[in-house]
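Undergrad: Here you go, one structure.
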Amino acid sequence: MKKLAGLALSTLLAMSAFSMVPEAYAKELNKEDTISVVKDYMDKHVPELIHDLEKLKSKEIENSEEIEKVIEEHYKKFPAPQEMNNPSISVEDIFPEKSKALKLYNAKNKKIFSVGNFMEKHNSPAGYGKFIDFNKKDGELVVYVGDAGEVIVQSLSTIEESLNAKEVKASAKAKTTEKKESRYEFYNGWGLKSIEVWAKGQFEYDGKNVKAIYNDGDWKKYVGGTILTVDERALGKIRNFSEEKEKYCEVYTRLRAEGIIGWKYFGITLNTETFEVYVGSTVKGSTYGGINEL
């Protein structure tokens, strides 16, 4: 069965630590002092952010709005320093050891590390970041907090129960899934939401075949994503396919995002990425959601 998956690291850049720059500039400091200020801030506030979020693990989460509220309250207590805006420093300056470890990983594997792998396996490179699994009332909710304060919220939610048998205009053997939503929300290191993308679907299945009977999808950009240029490629589109002799049906939203920034994230600079958020079902009615880089 497919699981929640993640987004490519280069795409994550656009929504991560330094993607939103306040208009006010910090007073002039030398590079060494600037690095010290930024690193000290991250070393102090990120563990506190994780601690604040983990407090929610003791209860059942209704939706991602509870996560958003915690993030907003946290950054009121820990506003980002203006030194983060300094164009002369990079994440490599702040986390040199982890940057080196990731470069070694890339060289060994002859490819750029995919966030898709570590979001699914909960195993980030060089121990970068923290994953928090929450007890969600109607699905799955996982939050990733990076060492630079960037946050990814991924959720799979039930937005409507299965159709009543009288409402199903199909054979007696056909069944329907709950109406599901796969949603991804990205926050940068200033605590600002950058962008959220979602796909919604409901599926009819009979053990041999599966089809979508409801499909929808969209996206929204926030102030934290102002450096992004987003081009819609598909909103709530349907596709059927087979993989390893198993049949699937998915509803997906596909975007092409382009960012123009000077900040380097582990030596990777965002150019252009196409990615999609999807929700799907098997012929047995097992539902799933995720995100892919294309």
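Residues -26 to -1, 1 to 268 (mature numbering (1 follows the signal peptide of the UniProt record, and there is no 0)) are what the sequence shown spells out, left to right.
Positions of the beta carbon are idealized from the N, C-alpha and C atoms, including for glycine.
Since the model is a prediction, treat every value here as computed from it, not as a measurement.
Using a threshold of 8 Å, state whether the C-beta atoms of Lys182 and Glu155 are closer than that.
TA: On the sequence shown, residue 182 is found 208 positions in, with the first residue counted as 1. On the sequence shown, residue 155 is found 181 positions in, with the first residue counted as 1. No, these two residues do not count as a Cβ contact at 8 Å.
Undergrad: Out of Ile68, Leu209 and Phe215, which one is the CA nearest neighbour of Ser255?
TA: Translated into positions along the sequence shown, residue 255 becomes position 281. The shortest Cα separation from Ser255 among Ile68, Leu209 and Phe215 belongs to Phe215.
Undergrad: Is Val204 closer than 8 Å to Trp193 when the C-beta atoms are compared?
TA: On the sequence shown, residue 193 is found 219 positions in, with the first residue counted as 1. On the sequence shown, residue 204 is found 230 positions in, with the first residue counted as 1. Yes, the Cβ-Cβ distance between Trp193 and Val204 is below 8 Å.
Undergrad: What are the residues that DSSP puts in a beta bridge with Trp164?
TA: Working through the sequence shown from its first residue, we reach residue 164 at position 190. Trp164 is not bridged to any residue.
Undergrad: Closest by CA to Gly113, which one among Lys153, Phe249 and Ala81?
TA: Sequence index remark: in the sequence shown, residue 113 carries index 139 (1-based). Gly113 has its Cα closest to that of Lys153, out of Lys153, Phe249 and Ala81.
Undergrad: Out of Lys74, Leu78, Pro55 and Thr8, point me to the one whose CA is closest to Ser62's CA.
TA: By 1-based counting over the sequence shown, the position of residue 62 is 88. Looking at the Cα atoms, Thr8 is the closest of the given residues.
Undergrad: Entirely within the segment 35 to 85 and at least 4 residues each: give me those alpha helix (DSSP H) ranges in chain order.
TA: If we require 4 residues or more, the alpha helix (DSSP H) runs fully inside the segment 35 to 85 come out as 39 to 51, 65 to 68 and 70 to 83.
Undergrad: Would DSSP call Tyr102 helix, strand or coil?
TA: Here residue 102 corresponds to residue number 128 of the sequence shown, with the count starting at 1. Coil, per DSSP.
Undergrad: Looking only at its own chain, which residues have a Cβ that is under 6 Å from the Cβ of Arg157, when we skip the five neighbours before and after it?
TA: Sequence index remark: in the sequence shown, residue 157 carries index 183 (1-based). Here the set comprises Ser129 and Trp172.
Undergrad: Who are the Cβ neighbours of Lys5 in its own chain at under 7 Å, not counting the five residues just before and after it?
TA: One-based indexing of the sequence shown puts residue 5 at position 31. Correct list, in chain order: Ser62 and Ile63.
Undergrad: Quick one: give me the first and last residue of the alpha helix (DSSP H) that Tyr15 is part of.
TA: Within the sequence shown, residue 15 is the residue found at index 41, counting from 1. From DSSP, the alpha helix (DSSP H) with Tyr15 extends over Lys5 to Glu28.
Undergrad: Does the CB of Glu47 have a neighbour CB from chain B at under 8 Å?
TA: Among the chains of the structure shown, chain B does not appear; only one protein chain is present.
Undergrad: Assuming Tyr161 and Val125 make a contact with CB atoms under 8 Å, what is their CB distance in whole Å?
TA: Locating residue 161 in the sequence shown gives position 187, counting from the first residue. Locating residue 125 in the sequence shown gives position 151, counting from the first residue. Rounded, the Cβ-Cβ distance is 4 Å, consistent with contact.
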